[in-house]
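As they're listed, the protein sequences go chains A and B. For the first sequence, this note's numbering begins at 1 and goes up steadily by one. For the second sequence, this note's numbering begins at 1001 and goes up steadily by one. Cβ coordinates follow ideal geometry from the N, Cα and C atoms, glycine included. Note that the structure is a prediction, hence the values are computed from the model and not measured. A short write-up of the structure that comes next.
2 protein chains.
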Amino acid sequence: MAKVKKAPRPKAETPKGFRDYFGAEVTERTHMLQKIAGVYHHYGFEALESSAVETVEALGKFLPDVDRPNEGVFAWQEFDENDKGAWMALRYDLTAPLARVYAQHRNELPTPYRRFAMGPVWRNEKPGPGRFRQFYQCDADTVGTASMAADAEICAMLSDTLETVGIPRGDYLVRVNNRKVMNGVLEVMGLGDDQAARDNVLRTIDKFDKVGEAGVRELLTKGRLDASGAFIDGVGLSEDQAEPVIAFLTSKAADVAKTFDNLRGAVGTSSVGAEGISELEQIAELLDAGGYGADRIEIDPSIVRGLGYYTGPVYEAELTFEIFDEKGRKRQFGSVAGGGRYDDLVKRFTGQAVPATGVSIGVDRLLAALREKGRLTSTSVGPVVVTVMDRDRMADYQAMVSELRNAGIRAEVYLGNPKNFGNQLKYADKRNSPVAVIEGGDEKDRGVVQIKDLILGAQIAESATLEEWKERPSQFEVPRDQLVAKVREILEGQAD
Amino acid sequence: MAKVKKAPRPKAETPKGFRDYFGAEVTERTHMLQKIAGVYHHYGFEALESSAVETVEALGKFLPDVDRPNEGVFAWQEFDENDKGAWMALRYDLTAPLARVYAQHRNELPTPYRRFAMGPVWRNEKPGPGRFRQFYQCDADTVGTASMAADAEICAMLSDTLETVGIPRGDYLVRVNNRKVMNGVLEVMGLGDDQAARDNVLRTIDKFDKVGEAGVRELLTKGRLDASGAFIDGVGLSEDQAEPVIAFLTSKAADVAKTFDNLRGAVGTSSVGAEGISELEQIAELLDAGGYGADRIEIDPSIVRGLGYYTGPVYEAELTFEIFDEKGRKRQFGSVAGGGRYDDLVKRFTGQAVPATGVSIGVDRLLAALREKGRLTSTSVGPVVVTVMDRDRMADYQAMVSELRNAGIRAEVYLGNPKNFGNQLKYADKRNSPVAVIEGGDEKDRGVVQIKDLILGAQIAESATLEEWKERPSQFEVPRDQLVAKVREILEGQAD
């Protein structure tokens, strides 16, 4: 046997593409997820927490001709007493596990099954700035019903959710489209079966927001010079073939009835197109009955949604307010959630088609938006710090902390080396503490404590003139038995 | 190249040793974790969420002489454009990641650093009944202080936490011991350097609860016949050598001062033993100052705690009420949390010893205890179900659901195939719905709705006589505009 070498000192590093979250970053996310869970639950959805680990087989990422799962997931092979076993992997989203769970437990679950799930997912991708290999998703799906009422409900719930977490009406829009309408357009173009051409057209539609009607027309036909002067190859359609796409993309009208008229023009005689329009009409009617107007949810034929597995309605929530990007340019915040109907995911397991529809909220993007708007309610105010003037009287300080905590005040005693009092105040500063409590031997003898308003102290240190300083002392001496009352008074003053 | 075969239909199964959590299982745990986080935060601890994935090197499970990490963790090797890269693994606890995080970020973090963390951890072990390979932990640790005030604080916080989640005083006990006292005992026994003998003695001490004083004496010396008639080999000590262990184990007295006297007798001249006793005395004094009496936290020399990395105080929270085990025998519920001081974990990374102490709560055991005591506040009451009598009037039902939701009532419309009304009531039953709403064409014409009290209905179906049935109808017809008021009245009645 090889000799065991002494291991070198390990590096203290997160693996590439992973990060840690500290303090308010964690609690803000937790609070937001709580609020979202509240709305989902209110709508009748039930929580589901599936295991983070799935078989690669169940995830559907397994390539049958190679020994190793493809890239994109973190995967490993089970070892079972010298025998290699099944490949397992970390989930890469919450939809694939839902399909597995529903197929596995369908006899015990209610049908339709409304479920919500929130938690981390993992992607084995090249990390980049701001792109991490572990991030949160927050999904709600309804499995087992083809009714458009399920899709309409999820759009309404998405609207309610955004308002509940702090995005006011007017700052967001849920936009709804239907893959069948697009398929109808492709059918009348004669591209019903040409997958490559279909994909090219869908990709072009997705650029409508950026390049406009004329740009899309060029991209669908002969190609286009972009702003940088580079030539982008066209899809190669004739002008006539491109016409239904243009009609489709420009079909949105101020009046939803007129939008539907335009769409009917775009899909012509296609029956799948007509079916898609009818589905959108049902959704619009149901949302109207629920009181969700076009200021919250609108039919918008330019929404594509990338994922190949959508089969009917697709929807997307966009934040409509402007922010400045990293280059200082104004731009819209963009999409924070999206989803749609997918009817074939459960079929992979059972052979039977099970209709389903659902939404996924991009938790980190939504948090960034709330931060941008100053709408995060949790604060990063630290605890009251009871300083240690005399290390032999730790029990006295401990008693003070207990009193403060019992009175509902977040508090702690300084636990570092108490020798250097300056370090204690630096610690309180690093903790963002609002108040420090001081009791030296002299104060102890006189039955008093010193209470320091650290927020006011910092303000005075920064800006106040000597006159103001005299008028508003930031340190108070109070009888020991008024400790809790005075600390509370200061905290309440700071909160105003 | 090998031909790509058509993949067989995947099995819908959780990987071996993993499970899914549904509905109330998820929300009950979430609520409990929220409450625990609240107490930890109140004590000045800050949230930390480290990545679920760590380098195997940082986790400290890497064997340098083999190509593959040892068992116990789920690990895989990074692939970086055909080059094999670092081994990565899922965290197996929350302490190893804390050591890595502290070593990595120590210049930005306050010292001492109080942090709490909660989340799943993964163990690559053979699964067994009730033993899963993914489970939750909920930890609080203070890093960077050798002060016994940190240990005392965590014991006090553990006591507060148990009461906050619903374990009343008297139903639990936090017991505190110190490794140094045990080391002192081993030293006076002449086993200071004999690791194997020390481990044997510690293992024997751990059996004190079961076999008592005479049993431990036999196990330390010549061996013992157990209840089943099997002979258990002894450690092989002489009667004299065993004496300090017995003195140590039986040192607990009704009066804590007397306990300390007994411990002083047991460690004799050992200086590490004396240091351990002094540390326990400091903890006892601080807890006393905080108002934590022996009804909540006590010094108990029989606590061992398995983990090898503890270096000073160790503590454990035990639930003291009795339950019936799977064989119908009465037994104490046992331990739900434990921890202690570990001074060497950060040193692995930095070379400098960083004193630390912390506790881990076994979330699933604590949940099981609360369930046992009927103390889980979240209920599994389902939503109000608005049934569908006429599928063309989905918008009418949608409007009802919106009204109910806007009034703060959890509600949903039935989204399955509405053809068979019996299936709709079965669905409501499966969902544990308290109320069903019914509006057929006739009701619609008369401007009324039917409201069915499903809880009362079930009670009547089960037990009531015809007379009672007549007196308390479980179905009511009310004007449409009284829908919300009547549903609320029924829900309030059910909650009483």
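Does aspartate 453 (chain A) pass the burial test, meaning 16 or more other C-beta atoms within 10 Å, or should it be called exposed? Counting from one through the first sequence, the residue named residue 453 (chain A) turns up at place 453. Per the 10 Å Cβ criterion, buried.
Could one say the Cβ of arginine 405 (chain A) lies closer than 9 Å to chain B's Cβ atoms, at least one of them? Translated into the one-based positions of the first sequence, residue 405 (chain A) becomes position 405. Yes, arginine 405 (chain A) counts as interfacial toward chain B.
Comparing the C-beta of valine 944 (chain B) with each C-beta of chain A, is any distance below 9 Å? Because chain B here runs from 1001 to 1496, residue 944 (chain B) falls outside it and cannot be looked at.
Exercise. From the DSSP output, in three-state form, read off alanine 12 (chain A) for me.
Key: The residue given as residue 12 (chain A) occupies position 12 in the first sequence. Three-state DSSP puts alanine 12 (chain A) in coil, outside helix and strand.
Exercise for review: Please confirm if proline 15 (chain A) has its CB atom under 9 Å from at least one CB of chain B.
Suggested key: For the purposes of this step, residue 15 (chain A) is identified with residue 15 of the first sequence, where counting begins at 1. For proline 15 (chain A), at least one C-beta of chain B is nearer than 9 Å to its own C-beta.
For aspartate 1067 (chain B), count the other beta carbons within 10 Å of its own beta carbon; 16 or more makes it buried, fewer makes it exposed. Which is it? Along the second sequence, read from residue 1 onward, the residue named residue 1067 (chain B) stands at position 67. No answer about aspartate 1067 (chain B) holds up, because its pLDDT of 47 lies below 50 and its placement is not dependable.
Would you call the stretch 138-149 of chain A in contact with the stretch 367-374 of chain A, where contact means no fewer than 3 C-beta pairs closer than 8 Å?
no
Exercise for the section: Under 8 Å between beta-carbons, which chain A residues line up against threonine 1250 (chain B)? List them in chain order, please. Expected result: Position 250 of the second sequence, counting from 1, holds the residue named residue 1250 (chain B). Here the premise fails: no neighbours, minimum Cβ distance about 29 Å.
Measure the CB-CB distance between glycine 1362 (chain B) and serine 1380 (chain B) and report whether it falls below 9 Å.
As a first step, residue 1362 (chain B) is located in the second sequence; it is residue number 362 there, counting from the start. As a first step, residue 1380 (chain B) is located in the second sequence; it is residue number 380 there, counting from the start. Going by C-beta atoms, glycine 1362 (chain B) is not nearer than 9 Å to serine 1380 (chain B).
Quiz item: Which one of A:Ala103, A:Leu98 and A:Gly441 has the shortest CA to CA distance from arginine 1009 (chain B)?
Solution: The sequence position of residue 1009 (chain B) within the second sequence is 9, counting from 1. Residue A:Ala103 is the option with its Cα nearest to arginine 1009 (chain B).
Taking Cβ-Cβ distances below 8 Å as the criterion, which residues of the stretch 322-344 of chain A are in contact with chain B? none
Open item on the list: Less than 9 Å between CB atoms is the rule here; does glutamine 424 (chain A) satisfy it with respect to chain B?
Closed with: On the first sequence, residue 424 (chain A) is found 424 positions in, with the first residue counted as 1. No, its Cβ sits nowhere closer than 9 Å to a Cβ of chain B.
Terminal residues of the continuous alpha helix (DSSP H) containing glutamate 403 (chain A)? Along the first sequence, one-based indexing puts residue 403 (chain A) at 403. Run containing glutamate 403 (chain A): 394-406, per the alpha helix (DSSP H) assignment.
* Asked: Between the C-alpha atoms of glutamine 1077 (chain B) and proline 127 (chain A), what's the straight-line distance to the nearest angstrom?
  -> As a working note, residue 1077 (chain B) is residue 77 in the second sequence. As a working note, residue 127 (chain A) is residue 127 in the first sequence. Approximately 16 Å, taken between the alpha carbons.
Quick check for students: name the residue ranges of the alpha helix (DSSP H) that lie wholly in the stretch 1045-1131 of chain B, counting only runs of 4 or more.
1056-1059 and 1095-1105
Original post:
At least one CB of chain B closer than 9 Å to the CB of serine 402 (chain A): is that the case?
Top reply: Residue 402 (chain A) sits at position 402 when you count from the first residue of the first sequence. Closer than 9 Å to some Cβ of chain B, the Cβ of serine 402 (chain A) qualifies, so yes.
Let me know if glutamate 239 (chain A) comes out buried or exposed under the rule of 16 or more other beta-carbons within 10 Å of its beta-carbon. To locate residue 239 (chain A), count along the first sequence from 1; it is residue 239. By the 10 Å Cβ count, glutamate 239 (chain A) comes out exposed.
Problem - Proximity to methionine 32 (chain A) [Cα-Cα], best of A:Val401, A:Asp496, A:Ile323 and A:Leu367 - result: Your numbering for residue 32 (chain A) matches position 32 in the first sequence. The option with the nearest alpha carbon to methionine 32 (chain A) is A:Leu367.
Which residues of chain A have a Cβ atom closer than 7 Å to the Cβ of threonine 1111 (chain B), listed in chain order? The residue given as residue 1111 (chain B) occupies position 111 in the second sequence. Ordered by position in chain A, the residues that pass the 7 Å Cβ test against threonine 1111 (chain B) are Gly416.
In the structure shown, what three-state DSSP assignment does threonine 27 (chain A) receive?
Working through the first sequence from its first residue, we reach residue 27 (chain A) at position 27. Three-state DSSP puts threonine 27 (chain A) in a helix.
key: Minimum length 3: unbroken beta strand (DSSP E) runs contained in the stretch 1295-1354 of chain B   = Entirely contained in the stretch 1295-1354 of chain B, the beta strand (DSSP E) runs reaching 3 residues are, in chain order, 1297-1299, 1313-1324 and 1330-1341.
Q. Under the DSSP definition of a beta bridge, which residues are partnered with tyrosine 1136 (chain B)?
A. Here the question's residue 1136 (chain B) lines up with position 136 in the second sequence. Bridge partners of tyrosine 1136 (chain B): B:Pro1120.
Apply the 10 Å Cβ neighbour rule to glycine 408 (chain A) and answer buried if 16 or more other Cβ atoms are within range, or exposed otherwise. Residue mapping note: residue 408 (chain A) aligns to position 408 of the first sequence, counting from 1. Exposed, since its Cβ has fewer than 16 Cβ neighbours within 10 Å.
Exercise. List the endpoints of the continuous alpha helix (DSSP H) containing glutamine 282 (chain A).
Key: Residue numbering aside, residue 282 (chain A) sits at position 282 when the first sequence is read from its first letter. Looking at the DSSP string, the run of the alpha helix (DSSP H) that includes glutamine 282 (chain A) is 271-289.
By a C-beta neighbour count over all protein chains shown, 10 Å radius and 16 as the cutoff for buried, is phenylalanine 1062 (chain B) buried or exposed?
Position 62 of the second sequence, counted from the first residue, corresponds to residue 1062 (chain B). Note that phenylalanine 1062 (chain B) has pLDDT 43, beneath the 50 cutoff, so the model's placement of it is unreliable and no number is given.
| Does the separation of the CB atoms of leucine 1319 (chain B) and isoleucine 1167 (chain B) fall below 9 Å? | Along the second sequence, one-based indexing puts residue 1319 (chain B) at 319. Along the second sequence, one-based indexing puts residue 1167 (chain B) at 167. Their beta carbons are under 9 Å apart, which means leucine 1319 (chain B) touches isoleucine 1167 (chain B) by this criterion.
Check: What residues in its chain sit with their C-beta under 6 Å from that of asparagine 183 (chain A), if we drop five residues either side in the sequence?
Finding: As a first step, residue 183 (chain A) is located in the first sequence; it is residue number 183 there, counting from the start. Excluding sequence neighbours, asparagine 183 (chain A) sits near Val272.
- prompt: Around the C-beta of aspartate 1194 (chain B), are 16 or more other C-beta atoms found within 10 angstroms, so that it is buried, or is it exposed?
  reply: Residue mapping note: residue 1194 (chain B) aligns to position 194 of the second sequence, counting from 1. It is exposed - the Cβ of aspartate 1194 (chain B) has fewer than 16 other Cβ atoms within 10 Å.
I'd like the list of long-range same chain contacts for arginine 198 (chain A), defined as Cβ closer than 6 Å, with 5 residues on each side in sequence excluded. Mapped onto the first sequence, residue 198 (chain A) falls at position 198. Closer than 6 Å at the Cβ level, and outside the excluded window around arginine 198 (chain A), lie Leu186 and Leu191.
Exercise. Using the Cα positions of aspartate 496 (chain A) and glutamate 1489 (chain B), report the straight-line distance between them to the nearest angstrom.
Key: Position 496 of the first sequence, counting from 1, holds the residue named residue 496 (chain A). Position 489 of the second sequence, counting from 1, holds the residue named residue 1489 (chain B). Answer to the nearest angstrom: the Cα atoms are 40 Å apart.
| message | For proline 64 (chain A) and alanine 266 (chain A), I'd like the C-alpha separation in whole angstroms. | response | Here the question's residue 64 (chain A) lines up with position 64 in the first sequence. Here the question's residue 266 (chain A) lines up with position 266 in the first sequence. Because proline 64 (chain A) carries a pLDDT of 39, less than 50, the predicted location of this residue cannot be relied on, and the following value inherits that uncertainty. So the two alpha carbons sit approximately 41 Å from each other.
- Message: Classify proline 1120 (chain B): buried if its beta carbon has 16 or more other beta carbons within 10 angstroms, exposed otherwise.
- Response: The residue given as residue 1120 (chain B) occupies position 120 in the second sequence. Burial call: buried.
Within the 9 Å Cβ cut-off, does proline 1010 (chain B) reach chain A? Translated into positions along the second sequence, residue 1010 (chain B) becomes position 10. Output row for proline 1010 (chain B): interface = yes.
Give the C-beta separation of leucine 1404 (chain B) and valine 1384 (chain B) to the nearest angstrom, bearing in mind that I take them to be a contact with Cβ-Cβ under 8 Å.
For the purposes of this step, residue 1404 (chain B) is taken as the residue at position 404 of the second sequence. For the purposes of this step, residue 1384 (chain B) is taken as the residue at position 384 of the second sequence. Their Cβ separation, rounded to whole angstroms, is 6 Å, which keeps leucine 1404 (chain B) and valine 1384 (chain B) in contact under 8 Å.
task: Return the chain-ordered list of same chain residues with a C-beta closer than 6 Å to the C-beta of alanine 117 (chain A), the five sequence neighbours on each side being excluded.
output: Indexing the first sequence from 1 puts residue 117 (chain A) at position 117. Leu48, Leu94 and Asp139.
ask   = For lysine 180 (chain A), does the count of other Cβ atoms within 10 angstroms reach 16, so buried, or fall short, so exposed?
value = For the purposes of this step, residue 180 (chain A) is taken as residue 180 along the first sequence, with counting starting at 1. That one is buried.
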